[in-house]
Each structure stands twice: as C-alpha cells, then as structure tokens.
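Enquirer: Chains as they are written, first to last, in numbering that gives the first Met the number 0: chain A, 0 to 143; chain B, 0 to 143.
For every residue, glycine included, the Cβ atom is placed at its ideal position computed from N, Cα and C.
First, the structure itself, so that you have it in front of you.
2 protein chains.
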Amino acid sequence: MADDDGRTFTIGEVAGAVGMSVHALRFYEREQLLVGPIERTASGRRRYRPVDVDWLRVCTRLRESGMPLTELKRFATLVREGPGNEIERLSLLDAQRERVDQQIRALEQAREIITWKVDVYEQHLRNDEAIGLWDPTLTTGAQP
Amino acid sequence: MADDDGRTFTIGEVAGAVGMSVHALRFYEREQLLVGPIERTASGRRRYRPVDVDWLRVCTRLRESGMPLTELKRFATLVREGPGNEIERLSLLDAQRERVDQQIRALEQAREIITWKVDVYEQHLRNDEAIGLWDPTLTTGAQP
DNA sequence: ACTTGACCTAGAGGACACTCTAGATTCTAG
DNA sequence: CTAGAATCTAGAGTGTCCTCTAGGTCAAGT
Numbered sequence: 000m001a002d003d004d005g006r007t008f009t010i011g012e013v014a015g016a017v018g019m020s021v022h023a024l025r026f027y028e029r030e031q032l033l034v035g036p037i038e039r040t041a042s043g044r045r046r047y048r049p050v051d052v053d054w055l056r057v058c059t060r061l062r063e064s065g066m067p068l069t070e071l072k073r074f075a076t077l078v079r080e081g082p083g084n085e086i087e088r089l090s091l092l093d094a095q096r097e098r099v100d101q102q103i104r105a106l107e108q109a110r111e112i113i114t115w116k117v118d119v120y121e122q123h124l125r126n127d128e129a130i131g132l133w134d135p136t137l138t139t140g141a142q143p
Numbered sequence: 000m001a002d003d004d005g006r007t008f009t010i011g012e013v014a015g016a017v018g019m020s021v022h023a024l025r026f027y028e029r030e031q032l033l034v035g036p037i038e039r040t041a042s043g044r045r046r047y048r049p050v051d052v053d054w055l056r057v058c059t060r061l062r063e064s065g066m067p068l069t070e071l072k073r074f075a076t077l078v079r080e081g082p083g084n085e086i087e088r089l090s091l092l093d094a095q096r097e098r099v100d101q102q103i104r105a106l107e108q109a110r111e112i113i114t115w116k117v118d119v120y121e122q123h124l125r126n127d128e129a130i131g132l133w134d135p136t137l138t139t140g141a142q143p
C-alpha cells in the first residue's frame, strides 16, 4: 500500500494543486460533492489526504467536461455508498461521455465557421478591396 | 441580388429557425447583439430579414463555442461600424478559435479519464469481483 | 511577543445568460 | 365577428456556480 502514506495537505495547498480556489473547495464540501469527510486538525483546519486530492482532480475534469454539480453530487454519493451500485455509476459516466462527444462535435463545427470567417477577413485584408463582399452576415453562398 | 429577396420572418419563425426562444431574441436585440436594427411592421412587430437570420445563426455558433455575450457584442459593434476595423474583427475571431482549440483539448482529456473509468467499471462488472480495486478515487497507477 | 498570513463559519453577493410576468395589442382562422 | 394565438414592453426572477464579507481563531517567522 504505497497509496495512503500519511501525507496531508492544507486547503491552500490543495487549491493550488487542483486549480480551484479555497472558497470553491469549502463550497464543494458543503455541497456534499466530496466522497469522504475531510479530516480536521485539533484546531478545526482541514487536512486533505492524497485520496481527497485525487478525487478533486477527477471532479475538475468532470466539471471541465460540462458535468453539472448535481450530477457530480450524484456520482459522489454513489461512490460514498460503496460497492453495489456500479451499474448506475457506469451509466452516469457513459452519459457524460456521450455529452462530451456531442460537445466536441459542436465545437468542431463552430471552429469551422470561425476559421472560414477568419479566412474571409484575411483574404480581405490581403486584397484591400471594398467590393461589398465583407458583410460578415453573409453566410450563404449567394454573392453578387 | 438573389440575396435580399423581400422575404421576412416573424420572431416566432426566427426562433424556430435558429433554435432560440423569442425571449432570447428580444433579449439579444435589447443587448445590442444584433448588427442591424430589426425592422418593424406598422403595428410594431419585428420583421426579420434573411440577413438577420444569418447573423443569428452565426451568433448561436459563436455562443456554442463559448464566446461570452460581451465579446459577441463587441463583434456585433465592429460589424455595425462597417469597414475599417477588420483587423480587430480578425483578432477577435482568432482568439475565439484559440479558445475553441483549448476547449477541444480539455474535452478530449476529460473524455479519456471518463473512458478509463468506464472501462474500470465494465471490467469490474464482468469479473464480479470485490477485491478493493473499485474505489473510483484511485486514479494513480498504484494498485495492490 | 508580535505581526502577518492562512484558516474558520454562515451567509450574502455577483456574474452570466437567459426566462418569465403582467397587462396590453394585434393578427389569424373559423 | 370572435376566440385564441402571437406579439409587444419594461422589468423582475431564476438557475448555476462560485466568490466575497465579516468577524473571528490559529500558526509561523523574527
């Protein structure tokens, strides 16, 4: 078990490590988005274990992929409840992967339109013409 | 000029065509996110021209790609002001394309993590084992 | 010892992008 | 002609996801 060597981290260290604010970390805890309870020092300060940090890293990835907090919370709850609900965890993740694929497709479409417009402008600037071709609202092929 | 044939559309038709609500369309107009003024009938109802619809389609793409409304407004303003600011329009679009690329990369990373977790769960369900491998907080390679 | 900075809670506040309401008018189909 | 659907305005409200504030406690360096 090289996994849980007694290292712990302050909230500030964790914030730096996972790219969230300390405010957000406390918010996540309040909202029950974490799997285990975060331990405290005698004086009440949070001590994050490596496993907590790992979970937070997963959280940030899922959030980046557009998973809403409600669903992240659902997932956290399932994990907290322990073995027996793997099918639900799986379907939750699978649904999210589907959404990610859709997002990627949408972004690629948007990227094409942007690129097309960039090309139009670049060509315009190269040609330095003012022949009415440059109304960016013209997206249909019909040109005078 | 096969471009501006007198067809016009009601706000409801446009909403259906571009996938926005009528509320959103009025909101966009109020917020100066449109390029031209939308014409009105004698009784004050909006009449959208094809060019307006085209612009709205561009808007939805840019929004889908994560462009904030403030920037969309800036772009609309530049277009409204007419020729002469193409360089700024270009840099705005180019910056957005850069952000889209970053988003795609982030989504692909998230997708990998999700897929990996899905695989883990699927394998688990196939094997029907409970040997402590299934703590989803374990993201580091170390396994017993 | 003292100062500076990190941390604590509970709750308010803010940014964003709409979404909805109310009350009135107007268009359209039967 | 009339009922119902669509539209109008100005402004308030909503959901999401944090972010910040106030008023403290605690820890570490000098």
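State the start and end residues of the unbroken alpha helix (DSSP H) segment that holds Y47 (chain A).
Expert: Here residue 47 (chain A) corresponds to residue number 48 of the first sequence, with the count starting at 1. Here Y47 (chain A) belongs to no alpha helix (DSSP H), and DSSP marks it neither H nor E.
Enquirer: Out of curiosity, what's the CA-to-CA distance linking D100 (chain B) and R29 (chain A)?
Expert: As a working mapping, residue 100 (chain B) is identified with position 101 in the second sequence. As a working mapping, residue 29 (chain A) is identified with position 30 in the first sequence. Spanning the two alpha carbons is a distance of roughly 34 Å.
Enquirer: Compare the Cα-Cα distances from T9 (chain B) to each of B:Q31, B:D51, B:Q95 and report the closest residue.
Expert: Within the second sequence, residue 9 (chain B) is the residue found at index 10, counting from 1. T9 (chain B) has its Cα closest to that of B:D51, out of B:Q31, B:D51, B:Q95.
Enquirer: Could you work out which residues of chain A lie near A105 (chain B), taking near to mean beta carbons separated by less than 9 Å?
Expert: Counted from its first residue, the second sequence places residue 105 (chain B) at position 106. The contacting residues are R60, E63, S64.
Enquirer: Identify the contact partners of T7 (chain B) in chain A, using a Cβ-Cβ distance below 8 Å as the criterion.
Expert: Within the second sequence, the letter at position 8 stands for residue 7 (chain B). None at all; the shortest Cβ gap to chain A is about 15 Å.
Enquirer: Quick one: using the 10 Å Cβ neighbour count with 16 as the cut-off for buried, is Q163 (chain A) buried or exposed?
Expert: This structure leaves residue 163 (chain A) out entirely; chain A is present only between 0 and 143.
Enquirer: For L55 (chain B), which residues from the same chain have a beta carbon less than 6 Å from its beta carbon, with the 5 sequence-adjacent residues on both sides left out?
Expert: Your numbering for residue 55 (chain B) matches position 56 in the second sequence. If we look at L55 (chain B) and ignore the five residues flanking it on each side, its Cβ neighbours are V17.
Enquirer: Quick one: is E30 (chain A) near chain B, going by C-beta distance under 9 Å?
Expert: Position 31 of the first sequence, counting from 1, holds the residue named residue 30 (chain A). Not an interface residue.
Enquirer: Using DSSP with H/G/I as helix, E/B as strand and the rest coil, what is E38 (chain A)?
Expert: Mapped onto the first sequence, residue 38 (chain A) falls at position 39. Strand.
Enquirer: Which value, in whole angstroms, describes the spacing of the CA atoms of E38 (chain B) and L92 (chain B)?
Expert: The residue given as residue 38 (chain B) occupies position 39 in the second sequence. The residue given as residue 92 (chain B) occupies position 93 in the second sequence. The alpha-carbon atoms of E38 (chain B) and L92 (chain B) are separated by roughly 28 Å.
Enquirer: Across which residues does DSSP place F8 (chain A) in a beta bridge pair?
Expert: Here residue 8 (chain A) refers to the residue found at position 9 when the first sequence is read from its first residue. When DSSP reads this structure, F8 (chain A) sits in a beta bridge with A:Y47.
Enquirer: Within 10 Å of its beta-carbon, does S90 (chain A) have 16 or more other beta-carbons around it, so buried, or fewer, so exposed?
Expert: Walking along the first sequence from the start, residue 90 (chain A) turns up at place 91. Exposed, because fewer than 16 other Cβ atoms sit within 10 Å of the Cβ of S90 (chain A).
Enquirer: Count the other C-beta atoms from every protein chain shown that fall within 10 angstroms of the C-beta of R45 (chain A), then say buried if there are 16 or more, exposed otherwise.
Expert: Counting from 1 along the first sequence, the entry for residue 45 (chain A) is found at position 46. Result: buried.
Enquirer: Within the same chain, show all residues whose beta-carbon is closer than 8 Å to that of V117 (chain B), passing over the 5 residues directly before and after it, in chain order.
Expert: As a first step, residue 117 (chain B) must be located in the second sequence, where it is residue number 118. By the criterion of a C-beta distance shorter than 8 Å, V117 (chain B) is surrounded by no residue of its chain, once the five residues flanking it on both sides are discounted.
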